[in-house]
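**Student:**
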Amino acid sequence: ITGKENVSEELLSELEEILVRSDIGVHISDRIILDLKYTNFKPGEDRILKIKEIIEKRILGIIGEDNVPLSGSFPLVILMIGVNGSGKTSTVGKLAFKYHKENKKVLVAACDTFRAAAVEQLEIWKTRAGVDIIKGKEGTDPAALVYDAGKLVSEKGYQVLIIDTAGRLHNKSNLMEELKKIKRTVGKVLPGISLEILLVMDATCGQNGIQQAKLFKEAIGVTGIVLTKLDGTSKGGIAVSIKESLGVPVKLIGLGEGVEDLEDFSPGDFVRALLE
Amino acid sequence: NLSNRLQDVTRKLLGQNKLSEKNIEDVLREIRVAFLEADVDYKVTKDFVDAIKVKALGQEVLVSVTPAQLVMKYVADEITHLLGDNISRIKFSDNAPTIIMMAGLQGTGKTTTTAKLALHLTKEGHRPLMVGLDIYRPAAQEQLKVLGASCNIPVYLEDSKNCLNIAKNSLKYARENNCDCVLLDTAGRLHIDEEMMNELKELKSGISPHEILLVVDSMTGQQAVAVAKEFNSLLGIDGVILTKLDGDARGGAALSLRTVVQRPIKFVGVGEKLEDLDSFYPDRMASRIIG
Ligand SMILES: Nc1nc2c(ncn2[C@@H]2O[C@H](COP(=O)(O)OP(=O)(O)OP(=O)(O)O)[C@@H](O)[C@H]2O)c(=O)[nH]1
Ligand SMILES: Nc1nc2c(ncn2[C@@H]2O[C@H](COP(=O)(O)OP(=O)(O)OP(=O)(O)O)[C@@H](O)[C@H]2O)c(=O)[nH]1
Ligand SMILES: [Mg+2]
Ligand SMILES: [Mg+2]
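Set out below in structure tokens:
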């Protein structure tokens, strides 16, 4: 290392703004910017291009270069969790549609027995997706409904069970306890079944996303993240920080409010969009 | 948190009788990190830190070895001052009904907040009517209907594809039923969705709401300003309601919104029940942002 600073302060400051504004967090951003200061350039090399490549490599080094798919082993239970309004119910509908198109027999469980019209909302989605639904009366214990759903899966041979849960803030311990009970119930009624626990996160979420992912992971484990509303202007950089500190990968992304607006997460596309 | 970090930084300053520029830089760095960790807008953070630096070098703030508490107090006071006064009320018009329109991105809490605000106004002696203008989201009208029933507040719904017509008919209904205010719940939408933003513009020019409130999730990151600016320039917003403050998000978006868009935060959502609507207290928000 020559210790010679080769990149202009002005360029570094522009890059810092892009990184921080992506919600990647000040610590990862500062680290990347500090590294860049001492970049050696070949004569005539396009500096901006080279720097972008370096940053891309750094971020891909954190999130991985390849998509991590959902489990391919059936029957499969998918538990959809996350804070209020993040896009869980919509994602349940979109995922149900995807598996239905793949000719899988799908059951969705309306385990948000708390919020106004939550069951009615999922009913409309299950019709769009062309799948079956199990629901309980309002105020039913969601774990009890999970038990009934599990029984139905065994009886009728469903290949995919997608469980919609009520939105909950991670700092509410009684609600996190309820989630633990739901997970235990899955284990009881369908022992040994393949289980994906998907944390649905709004791409507009800032640094609090780290605490969200941490507490949901500590409570019941998280096998993947669905990053929703990436059709907005937020870049979802918080997912990079979460991957670094908790090891949880983004598996799917939400790109709109329609039933087809769900895609596999592509690290390359994500990083390129982040640096635009 | 900032308090501990500042203590570490200022401890190194003990025994020095004059602050160097480097000492001040150390303090400013900690404040910058705290702000960005709290989701305060990048440029708002930069301006705030630059302003403190000018004052520090101008000897107004860090005039001698300042203990961490004094710096903390200074920063907290500055943020409190920037957050403006507590203006937690709706300005009622002399021509009934007063029309209040809720707007914002998807999932921020508009429908729930519409009902919370209606309940709050009822307790203040008003007679609100809630109107379901979200004709897109599955079961959105049903959601508002259930919320209205739970607190005995009338809800106007219509099976129509034209929001402006529904809104106009609801005003007629309000007058016929002696309601002195109308709360319009609208569909969540992206600030970059031209068609949906036009729907709001047409609603505004068609029924002239007295108050347009932007409903913002308190855990919003760096895009808070871009979103608010767009809603403000296309529609004009009169105030902000910050939701889900019962979570542990630091809520830096509050400072960014107030300083850039310069509209007051009128209320905060602090839970899922309809009673969970509080006045906005700038000093409480300030200490929350600093962590
Ligand atoms: N633009 C956009 N909107 C989305 C996306 N995913 C969900 N939404 C919208 O976000 C809002 C909330 O979605 P829901 O599915 O009700 O979210 P939820 O997590 O189930 O909400 P709660 O059950 O109340 O916690 C709705 O208006 C959805 O249409 C997405 O990928 N893009
Ligand atoms: N914990 C908590 N949850 C809230 C608060 N405000 C709203 N919610 C929850 O956030 C979720 C979304 O609320 P909605 O009222 O459906 O949000 P919305 O903005 O109308 O959503 P769209 O119409 O889809 O854009 C629901 O689960 C609400 O119960 C709050 O202050 N605290
Ligand atoms: Mg839901
Ligand atoms: Mg709504």
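Chains A and B, in that order, are what the protein sequence lines are.
Just so we're on the same page, our numbering is the position in the first sequence counted from 1, plus 4.
Just so we're on the same page, our numbering is the position in the second sequence counted from 1, plus 390.
Cβ atoms here follow ideal geometry from the backbone N, Cα and C, with glycine treated the same way.
Values in this document were obtained by computation on a predicted structure and should not be read as measured data.
Ligand 3 and residue 70(A): does any heavy atom of the ligand fall closer than 6 Å to the residue's C-beta?
**Tutor:** No, Cβ of residue 70(A) sits at least 6 Å from all heavy atoms of ligand 3.
**Student:** Can you find the residues in the same chain that come closer than 6 Å, C-beta to C-beta, to residue 488(B), ignoring five residues on each side of it along the sequence?
**Tutor:** Here the set comprises 482, 571, 600.
**Student:** Strictly below 9 Å CB to CB, what residues from chain B border residue 246(A)?
**Tutor:** Residues of chain B passing the Cβ test: none, with the nearest at roughly 13 Å.
**Student:** Quick one: list the residues of chain A neighbouring residue 528(B), beta-carbon separation under 7 Å, in chain order.
**Tutor:** Those are 125, 128, 129, listed as they occur along chain A.
**Student:** Just the chain B side, please: which residues come within less than 7 Å of residue 169(A) by C-beta, in chain order?
**Tutor:** What residue 169(A) touches in chain B: nothing, since even the nearest Cβ is about 14 Å away.
**Student:** Cβ of residue 580(B) within 7 Å of Cβ of residue 492(B)?
**Tutor:** No, the Cβ-Cβ distance between residue 580(B) and residue 492(B) is not below 7 Å.
**Student:** Over the uninterrupted alpha helix (DSSP H) stretch that includes residue 246(A), give me the two end residues.
**Tutor:** Where residue 246(A) is concerned, the enclosing alpha helix (DSSP H) stretches over 242–250.
**Student:** How many whole angstroms separate the CB atoms of residue 676(B) and residue 473(B), which I take to be in contact at a CB cut-off of 8 Å?
**Tutor:** Indeed they touch by this definition, with Cβ atoms about 6 Å apart.
**Student:** Within 7 Å (strictly less), CB to CB, does residue 434(B) reach chain A?
**Tutor:** By this cut-off, residue 434(B) is not an interface position.
**Student:** In terms of DSSP beta bridges, what is residue 136(A) paired with?
**Tutor:** Per DSSP, 111(A).
**Student:** Who are the neighbours of residue 582(B) on chain A, taking C-beta pairs under 9 Å?
**Tutor:** Neighbours of residue 582(B) on chain A, chain order: 235, 236, 237.
**Student:** Nearest to residue 422(B) by alpha carbon, out of 414(B), 431(B), 439(B), 393(B)?
**Tutor:** If we check each option's Cα against that of residue 422(B), 439(B) comes out closest.
**Student:** Cα separation between residue 418(B) and residue 561(B)?
**Tutor:** About 53 Å.
**Student:** Should residue 94(A) go down as buried or exposed, given a rule of 16 or more other Cβ atoms within 10 Å for buried?
**Tutor:** Label assigned to residue 94(A): buried.
**Student:** For residue 236(A), tell me which candidate among 532(B), 497(B), 466(B), 479(B) has the shortest Cα-Cα distance.
**Tutor:** Selected option, being the one with the closest Cα: 497(B).
**Student:** Give the interface partners of residue 496(B) over in chain A, defined as CB-CB distance under 8 Å, in chain order.
**Tutor:** By Cβ distance, chain A contributes 89, 91, 233, 261.
**Student:** Verify the contact flag: residue 500(B), CB atom, against every heavy atom of ligand 4, threshold strictly below 6 Å.
**Tutor:** Checking every heavy atom of ligand 4 against the Cβ of residue 500(B), one is found closer than 6 Å.
**Student:** Taking the beta carbon of residue 103(A) as the centre, do at least 16 other beta carbons fall within 10 Å, making it buried, or is it exposed?
**Tutor:** Buried.
**Student:** Rounded to a whole number of angstroms, what is the C-alpha to C-alpha distance between residue 646(B) and residue 434(B)?
**Tutor:** Their backbone Cα atoms lie some 6 Å apart in a straight line.
**Student:** Mind checking if residue 6(A) is an interface residue toward chain B, Cβ cutoff 7 Å exclusive?
**Tutor:** Its pLDDT being 46, under 50, residue 6(A) is placed unreliably in this model, and the coordinates cannot settle the point.
**Student:** For residue 245(A), count the other beta carbons within 10 Å of its own beta carbon; 16 or more makes it buried, fewer makes it exposed. Which is it?
**Tutor:** It is buried - the Cβ of residue 245(A) has at least 16 other Cβ atoms within 10 Å.
**Student:** Would you list, in chain order, the members of the region 531–555 of chain B that have their beta-carbon closer than 7 Å to a beta-carbon of chain A?
**Tutor:** Under the 7 Å Cβ criterion, the region 531–555 of chain B contributes 532, 533, 536, 537.
**Student:** Along the region 625–657 of chain B, what residues have a CB closer than 8 Å to any CB found in chain A?
**Tutor:** For the region 625–657 of chain B, which is checked against every Cβ of chain A, the residues closer than 8 Å are 634, 636, 637, 638, 639, 640, 642, 643.
**Student:** Quick check on residue 492(B) - is its C-beta less than 7 Å from some C-beta in chain A?
**Tutor:** Residue 492(B) does not count as touching chain A.
**Student:** Contact criterion: CB-CB distance below 7 Å. Does residue 30(A) meet it with respect to chain D?
**Tutor:** Absent from the structure is chain D; the protein chains it does hold are A and B.
**Student:** Mind the definition here: the region 191–206 of chain A touches the region 81–94 of chain A only if three or more C-beta pairs lie below 8 Å; say whether that holds.
**Tutor:** The region 191–206 of chain A, when compared against the region 81–94 of chain A, does touch it at the 8 Å Cβ threshold.
**Student:** Going by other Cβ atoms of all chains shown within 10 Å of its Cβ, with 16 needed for buried, is residue 195(A) buried or exposed?
**Tutor:** Residue 195(A) should be labelled exposed.
**Student:** Could you give the DSSP three-state label for residue 493(B): helix, strand or coil?
**Tutor:** Strand.
**Student:** Could you check what DSSP says for residue 234(A) in three-state terms: helix, strand or coil?
**Tutor:** Looking at residue 234(A) - three-state DSSP - the assignment turns out to be coil, as it is neither helix nor strand.
**Student:** Under 7 Å between C-beta atoms, does residue 681(B) make it to chain A?
**Tutor:** Chain A, which has no Cβ nearer than 7 Å to the Cβ of residue 681(B), makes this no.
**Student:** Find the residues of chain A that neighbour residue 426(B), judging by a C-beta separation of less than 7 Å, and give them in chain order.
**Tutor:** In chain order: 24, 30.
**Student:** Given that residue 616(B) touches chain A, what residues does it touch there, using C-beta distances under 7 Å?
**Tutor:** Per Cβ cutoff of 7 Å: 237.
**Student:** How many Å lie between residue 121(A) and residue 494(B) at the Cα?
**Tutor:** So the two alpha carbons sit approximately 20 Å from each other.
**Student:** What are the boundary residues of the alpha helix (DSSP H) that includes residue 472(B)?
**Tutor:** 458–472 is the extent of the alpha helix (DSSP H) around residue 472(B).
**Student:** Below 8 Å between beta carbons is the criterion; list the residues of the region 597–612 of chain B that meet it against any residue of chain A, in chain order.
**Tutor:** Under the 8 Å Cβ criterion, the region 597–612 of chain B contributes 607, 609, 610, 611, 612.
**Student:** Counting contacts by CB-CB distance shorter than 7 Å, is residue 429(B) in contact with chain A?
**Tutor:** Answer yes: the Cβ-Cβ gap between residue 429(B) and chain A drops below 7 Å somewhere.
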